[in-house]
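Q: Starting off with a structure, shown below.
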Amino acid sequence: MNAVRGTMLSLVIAMVSSMSFAQKTTIPFAQIERDAQLTATLTVPGNETSSSLYPAVVSSELSGSASFERVSPVRSPRTLNSNYFLLNGLSLGMAVFDVELTQHCIATHKCSEGNPLMPSSQAGALSVNLAIVGYGSYVSYRLKKHHSRMWMVSPVVSIAAHSVGVASGLAH
648 MNAVRGTMLS LVIAMVSSMS FAQKTTIPFA QIERDAQLTA TLTVPGNETS
698 SSLYPAVVSS ELSGSASFER VSPVRSPRTL NSNYFLLNGL SLGMAVFDVE
748 LTQHCIATHK CSEGNPLMPS SQAGALSVNL AIVGYGSYVS YRLKKHHSRM
798 WMVSPVVSIA AHSVGVASGL AH
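Just add 647 to wherever you are in the sequence shown, counting from 1, and you've got our numbering.
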């Protein structure tokens, strides 16, 4: 009995799919870009009107022509561009350079850490600095993504602060 039900079900599915074959025709969209925006227009001759009961529906007897045109997508400026990587990379480099010079200066007993909250070990100082630079880069990214001109504040302040530390390390 299950074989008969399965056969009947497959025949019904085949009949329904063959009736709607025209709706399932494939359109070669491989040539269209993924983010392309398409607009469609339907031109109907002016003298013929649609059914009075359903004015929004155009009857099948009307001859019309459809045309498609490609509209180029509006692209916003990239968030992660060379300016972002330059400033945040320089901030990261200055932080690491500052920690290394300070640790070298401390190891030779010529100076001490100026920040009392900074750990005395090299791993601790790098961890704290990398966390602060990472958070500053995230804040900078979010501000730049929302088109704020304040995105440069975090890396510039970090560069300035670590430049003072590097200059102090080089002086000793």
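Even for Gly, the Cβ is constructed at its ideal location relative to N, Cα and C.
1) Kindly indicate the opening and closing residues of the alpha helix (DSSP H) around Val-721.
2) Compare the Cα-Cα distances from Ala-814 to each of His-751, Asp-745 and Leu-727 and report the closest residue.
3) Less than 8 Å between the beta carbons of Ser-738 and Gly-783, yes or no?
4) Would you identify the three-state DSSP class for Cys-758, choosing helix, strand or coil?
5) When the distance is taken between beta carbons, is Ser-787 closer than 8 Å to Ser-801?
6) Are at least three pairs of beta-carbons, each pair with one atom in the stretch 724-733 and one in the stretch 763-778, less than 8 Å apart?
7) Pick out whichever of Ser-657, Ala-818 and Lys-792 has its Cα sitting closest to the Cα of His-751.
8) What number of angstroms, rounded off, separates the C-alpha of Lys-791 from the C-alpha of Met-741?
9) For Pro-802, which of helix, strand or coil comes out of DSSP?
10) So Val-780 and Ser-805 are supposed to be a Cβ contact under 8 Å. How far apart are they, rounded?
11) Could you tell me the alpha carbon to alpha carbon distance between Ser-723 and Cys-758, rounded to whole angstroms?
A: This is what the structure holds:
1) Numbered from its first residue, the sequence shown carries residue 721 at position 74. Per DSSP, Val-721 belongs to no alpha helix (DSSP H) and is neither H nor E.
2) For the purposes of this step, residue 814 is identified with residue 167 of the sequence shown, where counting begins at 1. Cα-wise, what sits closest to Ala-814 is Asp-745.
3) Residue numbering aside, residue 738 sits at position 91 when the sequence shown is read from its first letter. Residue numbering aside, residue 783 sits at position 136 when the sequence shown is read from its first letter. Yes, these two residues count as a Cβ contact at 8 Å.
4) Here the question's residue 758 lines up with position 111 in the sequence shown. If DSSP states are grouped into helix, strand and coil, Cys-758 belongs with coil.
5) In the sequence shown, counting from the first residue as 1, residue 801 sits at position 154. In the sequence shown, counting from the first residue as 1, residue 787 sits at position 140. Yes, they are a contact pair.
6) no
7) For this step, residue 751 is matched to residue 104 along the sequence shown. With distances taken between Cα atoms, His-751 lies closest to Ala-818.
8) Residue mapping note: residue 791 aligns to position 144 of the sequence shown, counting from 1. Residue mapping note: residue 741 aligns to position 94 of the sequence shown, counting from 1. Distance between the alpha carbons of Lys-791 and Met-741 is about 22 Å.
9) In the sequence shown, counting from the first residue as 1, residue 802 sits at position 155. Reduced to three states, the DSSP call for Pro-802 is helix.
10) Within the sequence shown, residue 780 is the residue found at index 133, counting from 1. Within the sequence shown, residue 805 is the residue found at index 158, counting from 1. So it is a contact: roughly 6 Å between Cβ atoms.
11) Locating residue 723 in the sequence shown gives position 76, counting from the first residue. Locating residue 758 in the sequence shown gives position 111, counting from the first residue. Cα to Cα, the separation comes out at about 49 Å.
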